[in-house]
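*Asks:* My questions will all concern the structure given below.
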Amino acid sequence: MVTQFLFPTNRAPRLWDNVLITVNALFVGAGITANLAFEKAEFDPFVIGATAVLALALLKVSPRQPMLRYYGITYTVGLLATVLIKTV
5 MVTQFLFPTN RAPRLWDNVL ITVNALFVGA GITANLAFEK AEFDPFVIGA
55 TAVLALALLK VSPRQPMLRY YGITYTVGLL ATVLIKTV
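So the sequence shown is numbered by my numbering: it starts at 5 and just counts up by one.
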């Protein structure tokens with residue numbers, strides 16, 4: 005994420021790029037959810053939460069970067085789905 009932030013792309017992602025990034029990120033977010041929600045995770049939620057916060061903060065500063073968008077969606081979806089599963 006830091007590399008994408010330090011060396012940003014100069015091309016804005018097209019709509020189809022965003023669709024593919026989002027679909028892939030949702031699959032990986034499901035994997036993160038499976039890891040956190042259905043296994044005994046002690047330190048993992050803190051790492052996932054910190055990564056999500058970092059990704060979203062970098063995405064706010066540099067919103068056109070596809071990898072930041074990918075990580076922001078992936079870790080946020082994984083973390084929110086885990087919270088939803090654990091609380092219900």
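Note that the Cβ used here is the ideal one computed from N, Cα and C, for glycine as well.
1. Near residue 77, what residues of its chain come up, given a Cβ to Cβ distance below 8 Å and the 5 sequence neighbours on each side ignored?
2. Am I right that residue 56 and residue 89 are in contact with their C-beta atoms under 8 Å? What's the rounded C-beta distance?
3. Which residue spans inside the region 23-54 form an unbroken alpha helix (DSSP H) run of at least 4?
4. Cβ of residue 72 within 8 Å of Cβ of residue 84?
5. Count the other C-beta atoms from every protein chain shown that fall within 10 angstroms of the C-beta of residue 81, then say buried if there are 16 or more, exposed otherwise.
6. Using three-state DSSP, classify residue 8 as helix, strand or coil.
*Replies:* In terms of the structure at hand:
1. By one-based count along the sequence shown, residue 77 stands at place 73. Result list for residue 77: 25, 26, 29, 30 and 33, in chain order.
2. Counting from one through the sequence shown, the residue named residue 56 turns up at place 52. Counting from one through the sequence shown, the residue named residue 89 turns up at place 85. At roughly 16 Å, the Cβ-Cβ gap does not stay under 8 Å, so residue 56 and residue 89 are not in contact.
3. none
4. On the sequence shown, position 68 is the one that residue 72 refers to. On the sequence shown, position 80 is the one that residue 84 refers to. Their beta carbons are not under 8 Å apart, which means residue 72 does not touch residue 84 by this criterion.
5. Taking the first residue of the sequence shown as 1, we reach residue 81 at position 77. With 16 or more Cβ atoms within 10 Å of its Cβ, residue 81 is classed as buried.
6. On the sequence shown, position 4 is the one that residue 8 refers to. It is helical.
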